[in-house]
Structures are given as structure tokens and as C-alpha cells.
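Asks: So in UniProt numbering, spot 251 of the sequence shown is number 251, and the numbers just go up one at a time. Yeah, the Cβ is synthetic: ideal placement off N, Cα and C, and Gly gets one too. These figures come from a predicted structure and were not determined experimentally.
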Amino acid sequence: MNTCMTNELKIRVYIDDGRTFQKVRCRFKDIIFAAVNELKYNELREGIINEFKEKVPGILDDNYSINIKWKLVSFKHAADLLEDTSKDIKICDDEEWRKVLAYAEEIDSDNSDQSDQSNQSDKKNNPFVNLLVKRFGITLLFSFQKNNEKSMMTTIPNNINIYFLKKVECIPVDTKIIGVEMNQIILGWKLEDVSLNSIQGHLERCKTKGLQEDTAKLWWFEVRVIDISGSMQQRPSTDSKEMEEKIEFKVDLEPLYFTVASDKRHVVLKDLKENSKYEISVRTCIDWLTSKDVNKKIKKESSFTSPLHEKTYKTFEDMLGLLTRPRRPLFPQVINFEATKVQLKWWPAKFSKNDSEDITYRIREYNHHQGVVVATVKDTTKWTFDGLKPQYEYFVTISAVNQQEKETKESWPLVFKTCKENTSDEAELTPASPIDVRLFRFSEDEKHPQWVCWGSPYEGVGKIGYEMQFSSNYKDEKTKFVESIANPLVPSSRSYRFF
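(1) Which residue wins for smallest C-alpha separation from residue 371, given the options 54, 171, 62, 189?
(2) So residue 343 is in the beta strand (DSSP E); what residue range does that whole segment cover?
(3) For the beta strand (DSSP E) that contains residue 193, what are its first and last residues?
(4) When the Cβ atoms of the stretch 205-222 are set against those of the stretch 437-448, are three or more pairs found closer than 8 angstroms?
(5) Based on the DSSP output, what are the partners of residue 287 in its beta bridges?
(6) Please report the Cβ distance between residue 364 and residue 397, rounded to the nearest whole angstrom; I am assuming they are in contact, meaning their Cβ atoms lie under 8 angstroms.
(7) For residue 307, which residues in the same chain have their Cβ closer than 6 angstroms to its Cβ, ignoring the five residues on either side in sequence?
(8) Looking only at its chain, what residues have a beta carbon closer than 6 angstroms to the beta carbon of residue 288, apart from the 5 residues adjacent to it on each side?
(9) Is residue 148 helix, strand or coil by DSSP?
(10) Tell me whether residue 367 sits in a helix, a strand or coil according to DSSP, three-state version.
(11) On a CA-only basis, which of 460, 451, 479, 455 is nearest residue 487? Give me that one, please.
(12) Look up residue 319 in the DSSP assignment and say whether it is helix, strand or coil.
(13) Output yes or no for whether 7 angstroms exceeds the beta carbon distance between residue 351 and residue 329.
(14) From 182, 66, 226, pick the residue whose C-alpha is nearest to that of residue 172; which is it?
(15) With H, G and I counted as helix, E and B as strand and the rest as coil, what does DSSP make of residue 486?
(16) Checking 7 angstroms against the spacing of the C-beta atoms, do residue 490 and residue 449 come in under that value?
(17) Can you tell which of 302, 56, 438 has the C-alpha that lies nearest to the C-alpha of residue 223?
(18) Count the other C-beta atoms from every protein chain shown that fall within 10 angstroms of the C-beta of residue 332, then say buried if there are 16 or more, exposed otherwise.
(19) I believe residue 464 touches residue 336 by the beta-carbon criterion, under 8 angstroms. Please report the beta-carbon distance rounded to the nearest angstrom.
(20) Tell me the DSSP secondary structure of residue 375 in three-state form.
(21) Residue 62: which of 12, 168, 11, 30 sits nearest, CA to CA?
(22) Quick check: what's the CA-CA separation for residue 286 versus residue 50?
(23) Per the DSSP calculation, residue 453 is bridged to which residue(s)?
(24) Pull up the DSSP beta-bridge partners for residue 352, would you.
(25) Shortest alpha-carbon distance to residue 342 belongs to which of 195, 348, 459?
(26) Taking all protein chains shown into account, decide if residue 267 is buried (16 or more other Cβ within 10 angstroms of its Cβ) or exposed.
(27) Relative to the alpha-carbon of residue 347, which residue among 339, 334, 389 has its alpha-carbon at the smallest distance?
(28) Whose C-beta lies closer than 6 angstroms to the C-beta of residue 179 among residues of the same chain, with five residues either side of it excluded?
(29) Taking DSSP as the reference, what is the three-state secondary structure of residue 47?
(30) Looking at residue 68 and residue 58, is the spacing between their C-beta atoms short of 7 angstroms?
(31) Can you give me the C-alpha to C-alpha distance between residue 261 and residue 284, rounded to a whole angstrom?
(32) To the nearest angstrom, how far is the alpha carbon of residue 195 from that of residue 215?
(33) Based on the DSSP output, what are the partners of residue 448 in its beta bridges?
(34) Spatial neighbours of residue 386 within its chain, please: CB distance less than 7 angstroms, with the 5 preceding and 5 following residues excluded, ordered by chain position.
(35) Taking the straight line between their C-alpha atoms, what separation do you get for residue 319 and residue 272?
(36) Determine the DSSP secondary structure at residue 480, reduced to helix, strand or coil.
This is the structure in C-alpha cells:
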């Protein structure tokens, strides 16, 4: 301990990421404040930010991320907080710590009982700042050292440890509506690395304490869906002026909840009503395990995300938007399955009547790439997705961009699973029947021929084709072999051009 008779203030900052068992082994930096009689929080904050902004992005910045907050809490809770978030939990074993904790609790008690004026006086006379900041991630330990004659004469220890603990939430981010159908809505989201690392770090610590359970099942996502189609109603009133204003209110509605596994970043919300408006949000749920007893679970939930509002389509033709411009790519499908790659095909996008426009397609993948663009292709409606893992599920959408950089909506998602390794085309495999078989027309005019379409298979081996059988009232051929999942119901027609 430095006993020089100066008014110098030294703050030693330790970075504890849970890897060490003793604070003295953590990395640290000293921040020196010269000739300080009183140190304001903002001055302390700026000094810490300047020293650590490169190694700890967003330090003490509540605007850095929705999931990072630097919230001040009482010092008296330090032991309990650190016990569940750090390997070094024995912070109050020595006499020095007992004195500090006792003094801090006394200050807490005084602050809760005294008036605002006495509180201000107490804070002014207390150079040690009674602070603790809660978190779920990195721990910042501040060794607060005040070297002057006055502090040496007090009964308070010269070295006071103050903990700034970063609070990490696990709120999903970048929520988006990926696809809308008549009875389905697909929602996608991301989870920030800081949130994922926080969850995984806690579960790893529990495993070191004897947890045998599969940690992947200890956390999940919960999606809340509310049908708000009939929620806006005119409120009855005898006040004529109020009736003229047509004040509306939202009635209480019973939400639906969908559970999504922790390794997913999307959900298909099924069995919804046609032509109905929904409010959708998502949150993270964790079976939090205490360090004292890893078999005791406490369910923790993040806040729900800001709600998204989306309306389902009235008809299948509305959903396809066949005659709208710009029209997104339609009918994405897998035409060839292999263990580490698949070949995709789709109907082209349309921006105007000019078919000579240069169009670039953007392919996104959600299960393993969080919805980022994994490839772009130009002037083609086929693409080989390689570098995949055998027997893994992938979730792909396709959008298009023209010369004016206008991007269409994403296609209806294509979900598929790669096959096993060393599986040949001749391997035994019973093909599944096509799903979601539907009829549609390009126009409401019944003179236009009907088309039939179906969903691309979830899994398969080798090249995928389809057999269409027609009833005996057709004069021409009764069976057709086709590759596309959308075809006209005219057996004699050889025109499979894409509109």
C-alpha cells in the first residue's frame, strides 16, 4: 500500500472474464487522477472509457447495445452476484473485506433513512463511492485507492474494491418477417454474440460444478403471437365530441406462444387465419442454475422484442403476387441432393415488362448464417450451394436486385436437409409425396389455364423429379415427368416458360 502524502487517486481496474480463480491473477490497468479532492462519476467514467474502449468495446456505454447495460446496484449484494457469475466467489473471507462490507451496509442503511440533504453530505464525505454494477458477462473490479492524510486517519481501509459488473441481457435483435402465407408467417431473428457468450459461459461454469444435463435444452426462445384483427373497436360514449373523434382502443387478447429450440433463429407460425393481422414478438428463456445447487433451476426471461405487425394473405394468388412488379423470385426448390451440396432452382424475379434487365440474385441462409447473404448470382436461376454438412438442416431465401439497386422481397423460404455421406443415387430411399399441392391462375379470368404447384422435398438423394398423372378425359398423354414444382395443367403444352 502506498502511504505517500499526496492527493493522488489511483484506480486499479481488473478484467475478470471468469477464467481465473483469483482476482490477483486477472489483467489490470491503473488509472491515475492527480490532485483530486472530489471525483465525480462522469470523470471516472470518461477515464475508464478512454483506457478500455479498444479492448472492451461499449464499456460503460448504455447505447452500445440493447443487451448491454451498466446498472448501479447496492454493494451489499456483491457476494451473491459474483457467486453466480465468476469462479472467484470468496470475496468476503478476510478481515479487510468484512470491514468494507460492514461499512458499505452502514452507508446503505444511512442513505435509505436520511433526508436528501444528509445523503448529499454523506456522499461528499465518502470518497469511495458505494457502487456495484450488476451483469451476466465480464466483471470489472475497481481497486479504489485514496492516498492522503485524511483517509489514512479514518477507520475505513485505504484500499476499497468497487465492482462494476456489466449486465448482459439476452434480448433477440434484428427481428424480421421472412415470409407470409395465407395461414403461416415466418419470423427470423438474431442473438448477439455478447448474449450467446453470456449464456454459454454460465452453462460451462455449471458443467464444471457437476451438471450432467444437456445444456442445449436449458435455454430456448419463446415467440408470442396475438391476433389483433378485431382488437380495434370504437369505444361507446355519450359525449358527442368524443364520438366524432372515433377514439379506438385495444381490447385484451389471449396470446399464442410458440417454443423454439436454442439452435434455431426462425420459426414457422402455422395454423393462422387468412386475411388477419398479427402482432409478433420473441424473447429468450433460460433455466438459470445457481452455483450452490446446479440441480435447482430458476427460469429467467429476457424482455420481449418490439412487436412486428403482419397480415396474412386472403388467397394463394395474393401471396404469389404473380402480376405485381417488382415480383420476388418464386417457387425455390432443390433439384439435386448430395451430402455436402445441393442444387437450387427458382422462377425469376420481375421488375418491369423489359425482360432484358440485368438481375442479380441474393441468397440468404438463416439456420447457420443468421440471415446474411451467402452468395450472389447474376443472369441465372440455378445455383449450387456447396460446403454444407451432411444431415444438417438449412433455411434459404432468395431476393433479386435490378440495375437501379431496387431489391424485391425475399422468396418463400426453402427448408431442406442434406443427405448422409456415402449415399448414392441407387441407395434405398422411399420418396415422400409432394406436400402443399395447390392450384392457381395468373388471372381471375377463368379462361386462363390453371397451374399446379407443390412444396420442394425436405430431404432426398440425387436428382429430384416429379411424375404428373392426368385423368382419362385428357386426349393426349396421361403422364408427364417434370422437374419444376409449378406446371400448367395442360398435358399437350410443351411450354414451361416462366411468366
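Replies: According to the structure shown:
(1) The residue with the shortest Cα to Cα distance from residue 371 is 189.
(2) It spans 341-347 - the beta strand (DSSP E) in which residue 343 sits, taken as one unbroken run.
(3) That residue, residue 193, is in no beta strand (DSSP E); its alpha helix (DSSP H) goes 193-208.
(4) The stretch 205-222 vs the stretch 437-448: no contact.
(5) DSSP, once it has assigned bridges, lists 299 as partnering residue 287.
(6) So it is a contact: roughly 5 angstroms between Cβ atoms.
(7) Cβ neighbours of residue 307 within its own chain (closer than 6 angstroms, five residues either side excluded): 279, 281.
(8) Only 298, 300 meet the Cβ criterion.
(9) Low per-residue confidence applies at residue 148: pLDDT is 42, beneath 50, and the placement is therefore not dependable, though the value from the model is reported in the following sentence. Looking at residue 148 - three-state DSSP - the assignment turns out to be coil, as it is neither helix nor strand.
(10) If DSSP states are grouped into helix, strand and coil, residue 367 belongs with coil.
(11) From the listed residues 460, 451, 479, 455, the smallest Cα separation to residue 487 is found for 451.
(12) Assignment of residue 319 by DSSP, reduced to helix, strand and coil, places it in the helix class.
(13) Contact check for residue 351 against residue 329 fails: the beta carbons are separated by 7 angstroms or more.
(14) The shortest C-alpha separation from residue 172 is found at 66.
(15) In the three-state scheme derived from DSSP, where H, G and I count as helix and E and B as strand, residue 486 is classed as strand.
(16) The answer is yes: Cβ separation under 7 angstroms.
(17) By alpha-carbon distance to residue 223, the top candidate from 302, 56, 438 is 302.
(18) Result: buried.
(19) Residue 464 to residue 336, Cβ: 7 angstroms. Contact.
(20) Under the three-state reduction of DSSP output, residue 375 falls in the strand class.
(21) With distances taken between Cα atoms, residue 62 lies closest to 168.
(22) So the alpha carbons of these two residues sit roughly 35 angstroms apart.
(23) Within the DSSP secondary-structure output, residue 453 pairs in a beta bridge with 438, 486.
(24) Per DSSP, none; premise fails for residue 352.
(25) Per the C-alpha coordinates, the member of 195, 348, 459 positioned closest to residue 342 is 459.
(26) Its Cβ being crowded by 16 or more others within 10 Å, residue 267 is buried.
(27) Looking only at 339, 334, 389, the smallest Cα-Cα distance to residue 347 is reached by 334.
(28) Within the same chain, and ignoring the five residues on either side of residue 179 in sequence, the residues whose Cβ sits closer than 6 angstroms to its Cβ are 186, 412, 413.
(29) Residue 47 sits in a helix when the DSSP states are folded into three classes.
(30) At a Cβ-Cβ threshold of 7 angstroms, residue 58 and residue 68 count as neighbours.
(31) If I take the Cα positions, the gap works out to 10 angstroms.
(32) Their Cα atoms are separated by approximately 16 angstroms.
(33) For residue 448, which the question treats as bridged, DSSP gives no partner whatsoever.
(34) Within its own chain, the residues whose Cβ lies closer than 7 angstroms to the Cβ of residue 386, once the five positions on either side in sequence are excluded, are 340, 341, listed in chain order.
(35) The straight-line gap from Cα to Cα measures roughly 14 angstroms.
(36) Here residue 480 sits in strand by DSSP.
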